[in-house]
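Undergrad:
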Amino acid sequence: MTKRKTAAEYVAELDAAIDAFQAKAIDYAEMSKRMGETWDAVRARGNRFHAGVLKHLRNRGGRA
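For reference, each letter of the sequence shown is one residue, going 209 to 272 in the working numbering.
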């Protein structure tokens with residue numbers, strides 16, 4: 209059985225895509241693709257989970 213990802217794990221995926229783009233390891237199109245896939249997976253978990261991911265992003269403040 210596959211373990212389902214937590215909100216924090218999805219946020220880490222979003223951060224990793226941004227970090228890779230900023231390090232010039234990937235281009236904008238690839239970053240957008242990765243982030244789109246992550247958000248699609250989040251939305252597929254339902255409205256409550258999607259809201260939880262958004263709350264996690266808001267509550268952590270700005271990225272350092």
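The beta carbon of each residue, even a glycine, is placed where N, CA and C say it ideally should be.
Anyone know if the C-beta pair for residue 239 and residue 225 falls short of 8 angstroms?
TA: Position 31 of the sequence shown, counted from the start, is the residue given in the question as residue 239. Position 17 of the sequence shown, counted from the start, is the residue given in the question as residue 225. For residue 239 and residue 225, yes; Cβs fall inside 8 angstroms.
Undergrad: Exposed or buried, what is residue 214 when buried is set at 16 or more other beta-carbons lying within 10 Å of its beta-carbon?
TA: Here residue 214 refers to the residue found at position 6 of the sequence shown. When all chains shown are included, residue 214 counts as exposed.
Undergrad: Just verifying my parser: in three-state terms, what is the DSSP assignment at residue 246?
TA: For this step, residue 246 is matched to residue 38 along the sequence shown. Note: residue 246 maps to helix in three-state DSSP.
Undergrad: For residue 221, tell me which candidate among 255, 252, 244 and 266 has the shortest Cα-Cα distance.
TA: Here residue 221 refers to the residue found at position 13 of the sequence shown. Nearest option by C-alpha distance: 244.
Undergrad: Output the distance between the C-alpha atoms of residue 212 and residue 249, rounded to the nearest integer angstrom.
TA: Position 4 of the sequence shown, counted from the first residue, corresponds to residue 212. Position 41 of the sequence shown, counted from the first residue, corresponds to residue 249. Answer to the nearest angstrom: the Cα atoms are 11 angstroms apart.
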